[in-house]
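Chains A and B, in that order, give the protein sequences.
Heads up: the first sequence is residues 1 to 337, going by our numbering.
Heads up: the second sequence is residues 1001 to 1337, going by our numbering.
Yeah, the Cβ is synthetic: ideal placement off N, Cα and C, and Gly gets one too.
Note sheet for the following structure.
2 protein chains.
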Amino acid sequence: MRKIDAFNHFFPAAFHKRMLDLASSQKDMGKRVRGVPLLHDLDARLRVMDAFGDDYQQILSMPSPPLESFAGPADASELARIGNDGLAELVRQHPQRFPSFVASVALNDPDAAFTEARRAMKDLGACGVQVFSNVNGAPLTSPGLLPLFDVMAECDLPLWIHPARGADMADYKTESVSQFEIWWTLGWPYETSVAMARIVFAGLFDKHPHLKIITHHMGGMIPYFEGRVGHGWDQLGTRTTDVDYGALLKTLKKRPIDYFRMFYADTALFGAEAGTRCGLDFFGVDRVLFASDTPFEPQPGVYIRETMDVIDRLPVSDAERARIYAGNIAALCRIGL
Amino acid sequence: MRKIDAFNHFFPAAFHKRMLDLASSQKDMGKRVRGVPLLHDLDARLRVMDAFGDDYQQILSMPSPPLESFAGPADASELARIGNDGLAELVRQHPQRFPSFVASVALNDPDAAFTEARRAMKDLGACGVQVFSNVNGAPLTSPGLLPLFDVMAECDLPLWIHPARGADMADYKTESVSQFEIWWTLGWPYETSVAMARIVFAGLFDKHPHLKIITHHMGGMIPYFEGRVGHGWDQLGTRTTDVDYGALLKTLKKRPIDYFRMFYADTALFGAEAGTRCGLDFFGVDRVLFASDTPFEPQPGVYIRETMDVIDRLPVSDAERARIYAGNIAALCRIGL
C-alpha cells in the first residue's frame, strides 16, 4: 500500500549552510539541528527510507523555527527562495522518493512571501505552503497576512501549519515555560490550537469554503477537547463583558465547532494510538493524513514505524486506510497515484 | 448504579455573599457568577439533582477563580474558612446528596492555607483540598508551596487541581488570548498539563509515592499527546543548552511518562466520547473518576446527562463502570458505599 508521509522535515544543502551561518548566534537551534544528521544528510535520509520499501514516500518541508524568527526580512526571504529551489531540485532528482515538497515563506516580509508562495506553487511545483502558528508572536490572521489565504485559495493547494513557540511563552516573566521544555511538549499543540481558533473566528472558512489547511500533530488539542470547543464556544461571550461576541457568532454561518472539522490533521502523534483514534473520530477518514514528523525521533525511523503501526491497527477498511496513507494527500496536492 | 460526581461547583450562601462583595470590581467574574443560578441556589441545584435519581450524588467544591486572585491574604483566607464551613454544613444537612466536599485554601498566605487544609480535612470532614494550576502566575511547585503536598500525603486524601488562567496568558502583550475566550477553551487544559509537568519534574511522586492528585478535564492534554510526553520528555535536554536536564532525568526513578500515569483524571470532557476513551486508555480504569463540572453548561443538567451517556457507552465491564462512577473516588476519599 502506497504511503505518502505528508509532514516531515529536511534541509536541502544550500539552505542548511546558509541557515547555520545566519543562526550561529542561536545556540539552542544550532544544537538541535547539528544533533540530527537525518535533517540534512541526504544519503542517510534515503537509507532510512529504503528500510520502509518503495511504497514509502515523503513530501518534504523545512522544519522549525520559522524563517522570520532568526533573520531579518531580506535574509529570511532569500533563505525561503534558496530552500524552495533546493527542495524542488530534490523532487526532480528523486521523484520516486519525494513526490512533491511544501514551500517555505518568510512572513516578516508579507509581500515577498506572497510572491514566493506563488512562484513556488506555480513555477517550482510545490504542492502547498508551510507557515507557523504565529509570526514572531503575532497571529497568523493579522490583517497584513490575510492575503496569504487568498493566494492559497487561488492556487487551491493546502497550507501546512507548523507550531511555533508563541509570544506569550517567550514573554513569560518567570521564564518558567522554558523549564522542562514545556514550550515544546505542551506549548506547540496549544499554539496549533490557538492558530486554528483564530482562523475560524476570522471567518476564513466562510470566505474560502474550500480552503485546505493541514494541522500538525492531529489538530492540536481540538479533538480531545471537542466538548469544550463545541459547548464552550457556543457560549462564547458569557465570560467576557467588554466585547460583544454574540455579534461575532451571528456573522458565522455555522457553529464554531463545525469549522474546526474542516481542517485536515496529520497522524504525527508519535505512536499514540488512542489519540490517533480520537483525532480520526473528530476529523473523519477523509481529513486525516499519514505523517511521521521524522527525523526528530529517538532513533532513526522510529516515528515512521510507530505511526504506521498505529494506522495499520485503526478500525477502518483497507480502502479507508489507503486514503489515510496516500489518497487524501494525493487528492489535496494533485499528485497522481 | 451509584454515581458520585467528583468535580462540580457550588457556592454556599455566606461564601457567595462575601465573594460578591469582594469581587464587585471584577466585572467578568461577576457576570459569570450571576448568570449561573445553579452555582448558589440550593433549591434549584437539588431539583436538577432530583432529575437524576437518588443514585446521583455530588462532592462539592467551590469554583474558580482562585481565592488568591481576587482578594489579599487576609480576606482570601477568611473566604476559604467561610466557604469550607458552608460546604461542611451542606454535607451535614444533605448527606444523601452531598457525601463530602473539597476544601478551598488561599495560597497567597501559605501558612494559613496549610492550617486551613488540615482543619478542613481533620475537623470539618473535607475529603481533600482544591488548588489551582498556578498561584497568581507562580507554579504550584514554588518552594514556599511545597509543604501543601506534605499535608496531603499526611492526611492521605486527594488534591484536586482546577485550571486557572496562567501568568503567561495574562501578560500576553497583544491581549490576543483574551480574544475569543481562548484562555478558557484551550488555555485551561494547557495550564492543567503544565501543572502536571511541574509536579512530575519536582519529583513529588518520588517523595510521596502515594500522592493522590485529581486533574480536571481528563488530565488536560497529556493523554492525547502521550507520544510527545513519552518520546519527547525521554529526550529532555536535547532542545536546551543552558540547563543540564540529563542530570534531572537521572534523579527521577521512572521515565517521565510513567509519573503522568499516576495522576487521577475526571471525565469532565462535556460529552466528548472519543476523548474520554483516549483518557481512559492512558490512565486506566482505576484512575478515572466520574465528574460533570456542572453547573457551567448551556442548559441545567446537560453536562451531567452527556457525561453519563459517555460513561454508559465505554467498552468496560459493569464492575469497571461502577469504579469509574463511584468506587474509585469513594476509595480515595474513604467514603462508604
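Residues of chain A whose Cβ lies closer than 7 Å to the Cβ of Gln1058/B do not exist; the shortest such Cβ separation is about 19 Å. Bridge pairing for Gln130/A: Ser104/A and Trp160/A [DSSP]. Taking a beta-carbon distance threshold of 9 Å, Gly301/A does not count as an interface residue toward chain B. Per DSSP, reduced to three states, the secondary structure at Thr251/A is helical. For the stretch 1276-1304 of chain B, not one full-length alpha helix (DSSP H) segment reaches 4 residues or more. With respect to Leu1289/B, Ala1265/B sits close: the two C-beta atoms are nearer than 9 Å. Rounded to the nearest whole angstrom, the CA to CA distance from Ile1082/B to Phe1015/B is 6 Å.
Within chain B, Gln1179, Phe1180, Ile1182, Thr1185 and Leu1186 have C-beta atoms less than 9 Å from the C-beta of Ala197/A, given in sequence order. With respect to the C-alpha of Val1105/B, the residue from Gln1096/B, Gly1128/B, Gly1227/B and His1094/B having the closest C-alpha is Gly1128/B. Between the alpha carbons of Ser100/A and Asp309/A lies a distance of about 24 Å.
When rounded, the separation of the alpha-carbon atoms in Glu154/A and Ile214/A is 17 Å.
Only Arg1277, Cys1278, Asp1281 and Phe1282 from the stretch 1276-1289 of chain B bring a Cβ to less than 7 Å from some Cβ of chain A. Interface residue (Cβ-Cβ distance to chain A less than 9 Å): Asp1258/B is not classified as such. What Trp1233/B touches in chain A, judged by beta-carbon distance under 8 Å, is Phe180, Glu181 and Thr185, going in chain order. Within the model, the alpha-carbon separation for Ala1326/B versus Ala138/A is close to 46 Å. Among the residues facing chain A, Gly1271/B is included, as its CB has a counterpart in that chain under 9 Å away. For Ser317/A, no Cβ of chain B is located within less than 9 Å of the residue's own Cβ. For Ser133/A, the nearest beta carbon of chain B is not closer than 9 Å to its own beta carbon. By the CB criterion at 9 Å, Met1062/B and Tyr190/A fall outside the cutoff. Of all residues in the stretch 1233-1247 of chain B, those with a C-beta nearer than 7 Å to a C-beta of chain A are Trp1233, Asp1234, Gln1235, Leu1236, Thr1238, Arg1239, Thr1240 and Thr1241, reading in chain order. If you look at Asn1008/B, you'll find it isn't in any alpha helix (DSSP H); it sits in the beta strand (DSSP E) that goes Lys1003 to His1009.
In the three-state scheme derived from DSSP, where H, G and I count as helix and E and B as strand, Gln1058/B is classed as strand. Ranking Ser1133/B, Gly1279/B, Arg1261/B and Asp1043/B by CA distance to the CA of Leu1314/B puts Gly1279/B first. In this structure, Ala1291/B sits away from Glu226/A, with a CB-CB distance that is not shorter than 9 Å. Around the Cβ of Gln130/A, a 10 Å sphere holds 16 or more other Cβ atoms; the residue is buried. Our two residues, Asp1206/B and Lys1017/B, have alpha carbons roughly 42 Å apart in a direct line. At a cut-off of 9 Å between beta carbons, Val1229/B contacts chain A. In the structure shown, Pro139/A falls within a strand segment according to DSSP collapsed to helix, strand and coil. Taking each of Arg239/A, Lys212/A, Val135/A and Met262/A in turn and checking the Cα distance to Ala71/A, the smallest one comes out for Val135/A. For the stretch 1035-1048 of chain B, the set of positions with a beta-carbon nearer than 8 Å to some beta-carbon of chain A reads Gly1035 in chain order. Taking all protein chains in view, the Cβ of Thr276/A is crowded by 16 or more other Cβ atoms within 10 Å, so the residue is classified as buried.
Around the Cβ of Leu1046/B, a 10 Å sphere holds fewer than 16 other Cβ atoms; the residue is exposed. DSSP links Tyr264/A through a beta bridge to Ile214/A. The beta carbon of Ala80/A sits closer than 7 Å to the beta carbons of Leu67, Ser104, Val105, Ala106 and Glu116 from its chain, once the five residues preceding and following it are set aside; these are given in chain order. Take the alpha-carbon of Thr1192/B and the one of Phe1260/B: they are about 12 Å apart.
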